[in-house]
Every structure is written in C-alpha cells, then in structure tokens.
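A.B. asks: Take this structure, written in structure tokens, and hold onto it; I'll ask about it next.
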Amino acid sequence: MIEARTLPAAYAAPGLSMRDDAAVLTDVMMDPVQVAVWDRRSPIDPQRVTLACSRKMAIKSWLDASDLTGSIARSLPGEDFAPLREDLALLAEMMACLFGTTGVGLRVTALEKPMCPRFHVDRIPVRMLCTYGGPGSQWLPAPSVPAGLLVPGVDQEGRYAADSVQQLQAGQVALFKGDTWRDNPGSGVVHRSPPVSPGQQRLLVTLDI
Numbered sequence: 050m051i052e053a054r055t056l057p058a059a060y061a062a063p064g065l066s067m068r069d070d071a072a073v074l075t076d077v078m079m080d081p082v083q084v085a086v087w088d089r090r091s092p093i094d095p096q097r098v099t100l101a102c103s104r105k106m107a108i109k110s111w112l113d114a115s116d117l118t119g120s121i122a123r124s125l126p127g128e129d130f131a132p133l134r135e136d137l138a139l140l141a142e143m144m145a146c147l148f149g150t151t152g153v154g155l156r157v158t159a160l161e162k163p164m165c166p167r168f169h170v171d172r173i174p175v176r177m178l179c180t181y182g183g184p185g186s187q188w189l190p191a192p193s194v195p196a197g198l199l200v201p202g203v204d205q206e207g208r209y210a211a212d213s214v215q216q217l218q219a220g221q222v223a224l225f226k227g228d229t230w231r232d233n234p235g236s237g238v239v240h241r242s243p244p245v246s247p248g249q250q251r252l253l254v255t256l257d258i
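Letter by letter, the sequence shown follows residues 50 to 258 in our numbering.
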C-alpha cells in the first residue's frame, strides 16, 4: 500500500496554501494556488461519526443560500446530528459567500471503501471537502503528476512517486480547483479517495457550486 504523506501545518507542497485560519480559503482565488486548506481538528466527535456510519448516512441536496440552516435541517433532522448540522451550515455559508452563489450542492456520505480510488480531476470549478472521521482525501501536486496518469484504464500504480502523495487529516477543510475553474482549463487538482483498511469508516462531506 502507498504510504501517503500527511501534511503538518508548516509544510507547503507546490500549489498549496494552508493555515489554521479559515481566511486561508480565500487564497484559492490566487492563480498559483490549486489547493487551499483550513487546518483544524474535526469538530464532530468520533461517537457521532460512528453513528452516522452505522446508519449508512447518504445525503445529497441542493441548499438555498438564503436558507442554509433550514435546508440542512430538512436534509439532516434529529438531535443526534445537531453538531454536524452546525458545521455543515458554517461550511455552506463560507462556500456561498466566497463564490457569491445562490446555492450550494451538499453531499454527506458514510463510506467503508474508497468512493473514487483512481486519481482523477473533477470537471467543476471548485469543490470543498472535509472528512470528519477516517482518512482524508489524497492528491498529487501538479509537478508530481506524470504524463499518462489519467488515461482511462491505465494502471496508475507505479506511475507516480509514492512520497509525492499528499493527504488531508480529519477535520481539515480543503478547496480543490477543478478543470473548469476560470483560466484553469485542464489543470484541476489530481486527487482520489484514500485506501481504507477493513473495518475502517469515513464520513465525507463535499460542497459544490
């Protein structure tokens, strides 16, 4: 199994901006920045992550920016998940305010296996990711992406340097630029779901515009 490098706060991979301040997410607006990471601990305790995974949580919803809290409450009712609703509302508000959108696409998924195990790019402008429990998403800095890695059907193992794989920690909030980001055609962040050990669970949140 590839051992991915988990980023300490002081480490800066090419194209990465990371601080323990939420304002770092605005750095994604700068051309050289492909990945912006708000370095924080997970605000959701392990017991609630386990509960969400045991219920096989799978939420996919479009949130109205004028009623984010209400939209999230309707998608995720119940007192057990009040802290999760609170954090989702915070992240959705950040997304809507930063990009000036009328709505945000939300997906919350409990996973027991990699959802997207191959390195790939997203054909969207930008995506916010946060893993509340379990291993975080992995990506390759642009200089470490070899030619031919993303060719459909190609065996990706051995085509990239193992020590170039970067990985988010639980709780960190990341913005990944996609292929359709303005002035960024064909240069979306190359990323994948992390390998998951038997019995290991993840609670993944993504927000799109």
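Glycine included, C-beta positions come from ideal geometry on N, C-alpha and C.
If you're wondering where the values come from, they're calculated on a predicted model, not measured in any experiment.
Please classify Val175 as buried or exposed, where buried requires at least 16 other C-beta atoms within 10 Å of its C-beta.
C.D. replies: Val175 should be labelled buried.
A.B. asks: Suppose the cutoff is 8 Å on Cβ atoms and the five residues either side in sequence are ignored; what does the same chain contact list for Ile108 look like?
C.D. replies: Ser124, Leu125, Leu155, Arg156, Val157, Thr158.
A.B. asks: According to DSSP, is Pro57 part of a helix, a strand, or is it coil?
C.D. replies: Only weak support is given to the placement of Pro57: the predicted model assigns it a pLDDT of 42, under 50, and the value that follows is read from those uncertain coordinates. In the structure shown, Pro57 sits in coil (DSSP, three-state: anything other than H, G, I, E or B).
A.B. asks: Would the beta-carbon of Asp76 fall within 8 Å of that of Arg97?
C.D. replies: Taking 8 Å as the Cβ cut-off, Asp76 and Arg97 do not qualify as a contacting pair.
A.B. asks: Helix, strand or coil: how does DSSP classify Thr229 here?
C.D. replies: If DSSP states are grouped into helix, strand and coil, Thr229 belongs with coil.
A.B. asks: Are Phe148 and Leu178 touching if we call contact CB-CB under 8 Å?
C.D. replies: Result no, Cβ atoms of Phe148 and Leu178 do not sit closer than 8 Å.
A.B. asks: Taking only three categories from DSSP, how would you classify Gly220?
C.D. replies: Coil at Gly220, not helix or strand.
A.B. asks: Figure out for me which residue from Gly235, Ser236, Gln216, Gly227 has the closest Cα to the Cα of Pro243.
C.D. replies: Comparing Cα-Cα distances from Pro243 to each of Gly235, Ser236, Gln216, Gly227, the minimum goes to Gln216.
A.B. asks: Helix, strand or coil for Leu147, going by three-state DSSP, please let me know.
C.D. replies: Helix at Leu147.
A.B. asks: Using the Cβ count rule (16 or more neighbours within 10 Å means buried), how would you classify Pro81?
C.D. replies: It counts as exposed.
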